[in-house]
Structure formats: structure tokens, C-alpha cells
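Take a look at the structure set out below.
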């Protein structure tokens, strides 16, 4: 069934049922305005989970293409964009309808991995690991614009705040590549040697530095964007850093895959060194019988507050909600198989999410 | 009741019994790419040292080339983590029946480095087929399946009349276990062959034709990478899929277990590999898979229609695509394409209704 038809039906039913679900003891909880929503990609299930981290539960699963890898949400919080690494396209999800808009799929290249949205929310830039390039997509009109060859097996990508520069990690070459993004074409400005197996990258709010997680070196590397060079020899973090997240208030987080922890980094592009590991938070918990639960932190995002991080755990297929300031694992939430990508949904309070009726 | 039905019932019961301790064992492992559990400190160091070499990017100065397909093991063995499979076109290795590589095989190297370091694409011979990069998780455990056990399962003359005639690949250095044709006997051989044919790096095991060429990969490095691979754990089951009792029953009823043998017991001088009950779902034998799947190549004495039964553990996380040449875009397609000795299983699968097919696929994804 076409997306538009399904959306119409969903919308009609929502309008029809809204007055009913708001009534009655033992009936539905009624429509709630959610402000603590995140969305994850379940790589092994070919779907995404919509999760309420305040209530601690998965609200819905949304089918997408094969092997969904990364997800980013537009600033209005209505649409999410998902790279489907097994289907080679970029998918668009209507978060309120909890449906993929299948007519907006854009084929981007083999094995798309991380993506970044331009600040005007009109374009997405996707790293395509199987074609050694990045692809720029017009997400308003759902069409591919152009590609740029960057090097072997690009995985991570971040954009400067004006959307004109991209920093791309090339996992197969141990490099980070600066790319100028034009209206109709792009070009590589500089290729920089970083550590082994660079997966993810973020750029500081002031656009001065990039941070690259190097899975094989157990370090993050700092890039001086303006001067197009690597600063220092890298900062040691936990074992095999994979995901990165910026808090927007001077901190970053690395999800350290093989050491069961996250590193909290202070980020000050004017300081020397600009990145310092402040703390390492061990993600350890115990079952009711005292068995220690091993985890594998893959990806991270901050959930609208600089102290609350949401981290995906591949070993247990859960999200971990962590208070960075208190260094506390607050709760875990079951999601789908292999939660790879994760994004906080801004302005989720503007969405109307109908909660299913609770059991009498 | 026919003998065929009796065999199927016995197969289902055996499968169910074999899987009884499955859950308990599964909980003792972490994640894909982890080392085997309970390594000693020394073994852990060995694993870590081998990992460094596995992810290393080789340079021309170190001997890469002149003809090669990749600069690192992880260029191809990377999904979902280092040690994994290749799922994209750039990880498909070209092979040609009219070509002989440096070790007498059929691998075609696509790239060339000149003396001055200039990279170019080679003029290729007629490409007969492409081979998919397999995952390496659990390979050490497969190596530890005793030879007597594999020979015991083999039935090259189909004496039991079930239509399955898996045979052992006899090599001078032992029986074949690895590779799509089962033509490689040990992990060290696998590493040495891959270095020579995919990266153009010579080792003492496999010299190139040039007697003056220096060894570019030392025995120590070959051993280090082989030991890393040997100590790689298999993918933990049910991290990537959901169990299905109905699917498990169908697996037996369709006769899939006749080649995809669910479990084995290991024997090894290495403690962490010894006396383990493992669930790889392979008999490590080669079978005639029919004309449609034939790839036009012969390796050792394994002909174009013959392929070693690939293990199914971790199949959800190391594909799609599937089959030796990546022609199957889903597990469903892969099952439907089974021919030759597996033709009846493939046909029975196609006759199932969608819900039963989905249950079987769900079961495969849970392995």
C-alpha cells in the first residue's frame, strides 16, 4: 500500500479515535505529548524502534530497508532519515505516522553507512562504504545530486554548521578526508592520516575541530579543520571507540565497544590540547541473581540535556540511559536486534503520539 | 511409514536434542568479533597481536603487490566487524578458469602497482565467476572438528539412499575444510594463500615464481594472524534473530540438516578449543549443488558443481548477499536456489506457504 494511502488511513483513524482514547479509567492513556523520544536502527531486524526514554519502553517498530545503519532526525522532529546498508538507499520515516515513506527512497551507493543533514535540512550527505565515496541527496525532492570519491570504505561523516565542508572517515585507508560541498559538485580538499579503523566523526559547534574515533588504535584523533591538519598523536580512550556524540555544551562521549565503558571528553577548540578525557564510565550492571551483564557500547546520542546520554548496547540489544554527571546507568530499554544508529528526536512534544490502551 | 519419513523424524529429534544445551552456551559469549571465552592472558595477548596485523594496511614498501585486490585483511573481512564477511561488490573476488595465480589457483588480482607506486587497474582475463568473502568467526572451532567425525558423516556413494553424497576433500596436507570448494586444510594455509593472491605478499609457505623475491610476510606474522583467526569466537546466536521452534522443525523436515549438520564435538590441543559442543550447521563436506549453481571452476579435485557446505552460524549478521557468488539477495533466495543433492530441500521450501517459509528463515537468523 502506498505511503500516502496509509498515512491517510492512519490520520483518519487518529482523528476518529482521539476522543475515545482520552476517556475512561482502565481505558487508554490518551494522547500524550512526548518530549523524550529517540529512534534507533535495528540493523539485524530491518526496522527502527521509536523509544520513550522517560517511560523506559519501546513504543513502535517501523519497517525500513535491509540492514538500517545510521539515523538522523530533522530539526522539526517530524522526519527521520535512515541509511539502509543492505538495500543501498536512504529511507525517510514520518515519525508521527510511524511509517517509512517508501516513495521517498533514494539509491545512494553501495553499503551506505553514516549520514549528516545540512543545517537547512534540505540535503543529506551519506558515506557509502561500498563505493568509496559520499553522496549528496536532495531530501526535499528525494533525488541524488552528486557523489565525491573520498577513499577506501568511508564510514563516518560530519558537516560544518554552514553545510559547506564535510569531514569523512575512510575506514579502509585510516584517513579522514575534508571535502568541500558545492551546489552541484564537491571536491576533496585534504586527506589526513589518523589512527586505525576510523569509524565515526563529529565536528565541534564552532566548526574549528573534528573528532574521529579510531577503533583499532583505541584513541580519538583531533582534526584542526581550518588548518587542515591532525593535532597531536591522538587521545587515549577506552578499547575500540566506535560511536561519538557531542553534548553541545563542551563535552563529547565515545562509546568504547570492547571495554564496556564510555569516555567523557572535554572539548575546547581553543585549548591545548583541545580534547581531554575527563572520565570513563563503566557500563556495568547486575542481574537479579548477581550475574554481571557484559555490554557492547556501539553508538551514543545526547537526549536534549547535556547530562543525559543514550547509548546502544549491541550485546544485549538495549538502550542504556546514562547520567553523565552522576556517572550512573539509570535504566536500560529493550529494543530490536543490533541497535546500530541512534538519534534523539527534538521537539517531540509537538508530535501527537497515541499510546495503546493499557490492559484493564 | 516410509524410510524417508522415518529418517526425517529421527533428524528432527536429533536436531532438537542437539540444541538442548544451546541456550546455556549462548549466554556465555559476548559479541561478534570477540575472542573465544576463557582465554588465558597469554592467549589474549596472542589474539590482540594478531588483530593488529589483521587490520594493518600494507604498503608497497612492505611488499604489497605488484598485483593485488586489497591492502588489508579487513578490506574484505569487515561485516559486521573485523573478521567478518564482505557484502559489497568491491569485496567480491574475481576468478578465471583460464588464469593461474601465483599459487596455481584461479584468483584474479584487479590492481597493479608500478615500481614508482602508480596504481592502475589491470587488464583482466575472462572472468568466470566471483567469490564472496566469507566470515571468519568460529573458524578455529571448525578446524577443531576431528577428522574422524567428518569422515564418519561422509557418504560419497550415497549408501543410505537419501540422495546426499557428501565427500571429503583429500589434500596432501590433510582434509579440506575451508574455502568455498573446501580446498584448504588449515588456517595457516588459508592466511598464506590470501596474502599471496589478494595482497601479493610472499611467505615461506607460498613463494612466487621469482626465486630472488624476498619474503614479505614472516612465518611469525602468518602464525600471528592465523592464531588471531583461530581464537575468534563464533557469532553469538540470537543476538541477531529470534528463535523459532516451528522453523527448527521445518529445518529437519526439509532435510536441511543432512548437509548443514547442526552440531559437532571438538578435539584440540588448545584448551579453549577442546571438548566443546558447537553448532556451526555444516558437515564440512563437498556436495554436488547442481548445474545452475556451478561456477565453472575446479579447485583441488572439487569440480564446478561442487561446493563445501558453508556454516550457517551467524548467517544473519554476515549477509545478505548469500551463496558463493553473492547471487542470492536474501536467505529466502539462497534456499530456493539450492539444487543438485539439495534440490528436493529447495523444492520443498518453495512449496511451503509464506508463513512457514518465514518461520524457517527466522530460525536461520537465530543461529
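Residue numbers (the working numbering), protein chains in the order written: chain A, 1 to 360; chain B, 361 to 727. Positions of the beta carbon are idealized from the N, C-alpha and C atoms, including for glycine.
Annotation for residue 58 of chain A: 49, 51, 335 place their beta carbon closer than 6 Å to its own, counting only its chain and skipping 5 residues before and after.
Closer than 8 Å to the CB of residue 337 of chain A there is at least one CB belonging to chain B. DSSP, read as helix, strand or coil, puts residue 500 of chain B in helix. Residue pairing from DSSP places residue 112 of chain A in a beta bridge opposite A:128. As the crow flies, the alpha-carbon of residue 539 of chain B is around 9 Å from that of residue 545 of chain B. Each residue's CA atom was taken as its position, placing residue 231 of chain A and residue 222 of chain A some 5 Å apart. Within the same chain, 541, 646, 647, 648, 649 come within 8 Å of residue 666 of chain B by CB-CB distance, once the 5 residues on both sides are set aside. Within chain A, the residues whose beta carbon sits less than 9 Å from that of residue 601 of chain B are 44, 45, 337, listed in sequence order.
Taking every protein chain shown into account, the CB of residue 486 of chain B has fewer than 16 other CB atoms within 10 angstroms, so this residue is exposed. Residue 93 of chain A and residue 100 of chain A have their C-alpha atoms some 4 Å from each other. Note on residue 620 of chain B: 16 or more other CB atoms within 10 angstroms of its CB, so buried under the neighbour-count rule.
The three-state reading of DSSP puts residue 467 of chain B in strand, counting E and B together. Just measuring C-alpha positions, the residue of B:658, B:674, B:669 sitting nearest residue 537 of chain B is B:669.
In the three-state reduction of the DSSP assignment, residue 180 of chain A falls in the strand class, which pools E and B.
Check the Cα spacing between residue 328 of chain A and each of A:279, A:55, A:342: the tightest is with A:279.
Excluding the 5 residues flanking it on each side, residue 175 of chain A has same chain C-beta neighbours closer than 7 Å at 151, 191, 192, 193, 194, in chain order. Think of a sphere of 7 Å around the beta carbon of residue 216 of chain A: the chain B residues whose beta carbon falls inside it are 415, in chain order.
In this model, residue 404 of chain B and residue 186 of chain A are separated by some 45 Å (Cα to Cα). Of all alpha-carbon atoms in A:288, A:286, A:317, A:277, the one lying nearest the alpha-carbon of residue 296 of chain A is that of A:317. In the DSSP annotation of this structure, the continuous segment of the alpha helix (DSSP H) that includes residue 406 of chain B starts and ends at 401 to 415.
When DSSP states are grouped into helix, strand and coil, residue 724 of chain B belongs to the helix group. Using a Cβ-Cβ distance cut-off of 8 Å, the stretch 493 to 513 of chain B and the stretch 465 to 472 of chain B are not in contact, since fewer than three pairs of beta carbons, one from each stretch, lie closer than that value.
Only residues of its own chain outside the window of five on either side were considered, and among them 156, 158, 167, 169, 210, 212 have a CB closer than 6 Å to the CB of residue 201 of chain A, listed in chain order. CA-to-CA, the gap between residue 262 of chain A and residue 696 of chain B works out to about 44 Å. The straight-line gap separating the alpha-carbon atoms of residue 105 of chain A and residue 679 of chain B is approximately 22 Å.
Here the alpha carbons of residue 449 of chain B and residue 108 of chain A stand approximately 15 Å from one another. Taken in chain order, the unbroken stretches of beta strand (DSSP E) that lie wholly in the stretch 126 to 167 of chain A and span 3 residues or more are 133 to 138, 143 to 149, 154 to 159. Three or more Cβ pairs closer than 8 Å define a contact, and the stretch 294 to 310 of chain A meets that threshold against the stretch 251 to 265 of chain A. Under the three-state reduction of DSSP output, residue 347 of chain A falls in the coil class, being neither helix nor strand. Shortest Cα-Cα distance from residue 182 of chain A to any of A:171, A:172, A:173, A:162 involves A:162. Within the stretch 669 to 697 of chain B, those residues whose Cβ lies closer than 7 Å to any Cβ of chain A are, in chain order, 676, 677, 680. Per DSSP, the continuous beta strand (DSSP E) segment holding residue 667 of chain B begins and ends at 666 to 668. In this structure, DSSP gives residue 450 of chain B a helical state, which the three-state scheme calls helix.
If you draw a straight line from the Cα of residue 242 of chain A to the Cα of residue 313 of chain A, it is about 12 Å long. For chain B, the residues of the stretch 295 to 325 of chain A that bring a beta carbon within less than 8 Å of one of its beta carbons are 296, 314, 315, 317, in chain order. Closest in alpha carbon position to residue 682 of chain B, among B:644, B:701, B:724, is B:724.
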